[in-house]
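The sequence shown begins at 8 in the numbering used here and counts up by one.
Ideal Cβ positions, reconstructed from N, Cα and C, are used throughout, including at glycine.
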Amino acid sequence: MTEVREYSAAVDVAIVGSGPTGAAYARILSERAPEATVAMFEVGPTISDPPGAHVKNIADPDARARAQAASEGPGERGAKVANPGAAKAGVRAARPGTFLLDDGFAFPGEDGLPVAAMSSNVGGMSAHWTGACPRPGGSERIAFLPDLDELLDEGDRLLGVTTDAFDAAPFGAIVRERLAAVVDEGRPPAARVQRMPLAAHRREDGRLVWSGSDVVLGDVTRANPNFELHDESLVTSVLLEGGRVAGLAVRDLRTGETHEVRARYVVVAADALRTPQLLWASGIRPAALGRYLNDQAQVVFAARLRDVEPLGADAPTTGLAEHSGVSWVPFTDDMPFHGQVMQLDASPIPLAEDDPVVPGSIVGLGLFCAKDLQADDRVVFDDEHVDGYGMPAPRIHYRLTDHDHALIERARAEIVRLGEAVGDLLDSRPFTLPLGSSLHYQGSTRMGVVDDGTSVCDPDSRVWGVDGLYVAGNGVIPTATACNPTVTSVALAVRGARRIARDLTR
Ligand code: FAD
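In structure tokens, the structure reads:
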């Protein structure tokens, strides 16, 4: 029997998308404007409990696999690769819990973003992510936000970021010591090799718990009687009246019926491809919409720690997820890469059978590169092509510049240097992953200080020229970052949510 559900006819704030940035709006509004009515709409199903929880917290492997499959959007489920290190250049496959664009991901003569992926489920990609939450540094920072550090502190609070979750892992300190010896000279303390801030914590019984949108929502939102979350609900357009937001149209995917929900504020937090999609579908098309799209080219390599004592038979297993970012080599303007270094229980490269791997002694290194920003790198839409939901299909135009190619070559040389510093190299050369692998595509609804055609929203994430409309997510980040973007996007969402809370409680 189809469950009948009621959407409110009118709310103060409607949020599209239940990933961590949409959840940040709900959380801050629950804390600062508890009287406000807030409705969140998510096209995907609820796959975990509490809603938005990370699938890695689901202990039963079959149940976890079902939750991942249910997140993989409409249409055919393509091939999967377990981690980016396993994807050799040229392989077009999605990570579990994600799905790729069916077409329009690359055009002749362009590089495209062949493996840019999305997730459709309550929690969005944060039900599947690695949880690395480094802060931006140098030119990655948004210079026009004086309160950026305080907002990032809030991002840490909402995402439950810690740095000690992997302290029991063997050899972490040795890895950092060896990396520091070749990296730290001349760097200020914040840019030195350090433990990776992770959206994860250990329970008292020692179990690792990964943060998803459930942590961002928190008990305060779950207990808020004025908050409602509707899954399997596709928002098809933002409604406008006289240049102001009036609400949205939402299709109940369980019944196929479309409803109108009136709202004073609408926040579109539908990822960096589908946020511009919804604006475009609603006839909201500022000049910068979809432009300045940028992803982080990624180079990976593996080494084996030399000179470490095998652990005793009674040593605990590391409990490390395969690509948990344990150590961090921060971005600097001189060395414009973000380094994520993790110890693995198993080698991604086959080793001799009589050569047992000491858990934690195989080190996976990844360097992410900041993109040279260009207005022509963009996601566009037209009336002809539709995606699996019947929305205008994203078509991606994307080119690496000479500067990008040179930077990737530098990253390849640098990763070999880092690998040699920690141990014996496990392969003859690094891999450059297919473009889009980082899952950090951003910039498509970027923030700016003035409405000069190079940005979509103001520093509070308010879309230029449309009162009451906010955008959220990695699309809002205006700088070319190499570091994982989510804590920054959540920080920007906090600023926007505070603005709505202020306006509502004035
Ligand atoms: P999302 O989490 O993508 O959520 C957007 C939601 O909007 C989705 O659930 C989608 O279904 C919904 N939606 C879209 N359109 C509509 C519509 N029209 N109507 C209703 N709902 C809609 N980032 C990091 O910072 N660190 C990491 O270590 C890291 N590792 C990652 C590893 C993996 C395997 C993956 C998949 C991602 C990783 N990321 C990482 C990226 C991170 O998950 C994203 O940056 C983050 O989830 C973005 O949050 P968001 O709220 O903007 O969007």
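Span of the alpha helix (DSSP H) around T228:
220-229
Beta carbon of R281: closer than 6 Å to some heavy atom of ligand 1?
yes
Can you tell me which of Q449, A309, S468 puts its alpha carbon nearest to the alpha carbon of G455?
S468
Go ahead and pull the three-state DSSP assignment for Y540.
This structure leaves residue 540 out entirely; the chain is present only between 8 and 513.
What number of angstroms, rounded off, separates the C-alpha of T325 from the C-alpha of V365?
A caution first: T325 carries a pLDDT of 47, below 50, which makes its placement in the model too unreliable to give a value.
Could you work out which residue in D431, A479, D474 is closest to D314 when comparing CA atoms only?
D431
Could you check if P27 belongs to the surroundings of ligand 1, using beta carbon to heavy atom distance under 6 Å?
yes
D19 lies in the alpha helix (DSSP H); which residues open and close that run?
It is not in any alpha helix (DSSP H) - D19 instead sits in the beta strand (DSSP E) that spans 17-23.
Closer than 8 Å is the cut-off here; do at least three beta carbon pairs connect the region 294-314 with the region 131-138?
no
Taking Cβ positions, are I35 and Y272 nearer each other than 7 Å?
no
What's the call for S435, buried or exposed, on a 16-neighbour Cβ count within 10 Å?
exposed
Taking all protein chains shown into account, do 16 or more other C-beta atoms lie within 10 angstroms of the C-beta of A309, making it buried, or fewer, making it exposed?
buried
Does the distance between the C-beta of F388 and the nearest non-hydrogen atom of ligand 1 fall short of 6 Å?
no
Reducing DSSP to helix, strand and coil, say where S133 ends up.
helix
Hey, is H135 close to ligand 1, as in C-beta under 6 Å from one of its heavy atoms?
yes
Report the rounded CA-to-CA distance for G503 versus A31, giving the unit in angstroms.
10 Å
Is any heavy atom in ligand 1 found nearer than 6 Å to the beta carbon of P141?
no
Tell me the DSSP secondary structure of R506 in three-state form.
helix
When the Cα of D389 is compared with those of T408, V478, P283, L300, which residue comes out closest?
P283
Measuring only the C-alpha atoms, how far is A2 from A66?
Residue 2 lies beyond the residue range present for the chain, which begins at 8 and ends at 513; the question has no answer from this structure.
C-alpha distance - E147 paired with R505, whole-angstrom precision:
23 Å
Taking a contact to mean a Cβ-Cβ separation below 7 Å, would you say S25 touches S220 in this structure?
yes
Minimum C-alpha distance to E117 - residue among L442, G460, D474:
L442
Do F344 and A489 have their C-beta atoms closer together than 7 Å?
yes
Rounded straight-line distance, which links the Cα of A270 to that of R417:
49 Å
E248 and S15 look like a contact to me (Cβ under 8 Å); what is the Cβ gap, rounded to whole Å?
With 8 Å as the limit, E248 and S15 do not qualify as a contact, their Cβ atoms being about 18 Å apart.
With three or more beta-carbon pairs closer than 8 Å as the criterion, would you say the region 203-221 touches the region 168-184?
yes
By the DSSP assignment, the alpha helix (DSSP H) with S37 in it spans what residues?
27-39
Would DSSP call A123 helix, strand or coil?
coil
Shorter than 6 Å, the distance from the beta carbon of V483 to the closest heavy atom of ligand 1, or not?
no
Kindly indicate which residue of N64, L108, P68, K63 has the alpha-carbon position closest to the one of E79.
L108
Is it the case that the CB of R209 approaches a heavy atom of ligand 1 more closely than 6 Å?
no
Measure the alpha-carbon distance for R311 versus V23 and round it to whole angstroms.
45 Å
C-beta contact flag for D379 and D411 at 7 Å:
yes
Measure from the alpha carbon of V216 to the alpha carbon of each residue in H237, A172, D163, then state which is nearest.
A172
Pick helix, strand or coil for S496, following the three-state DSSP scheme.
helix
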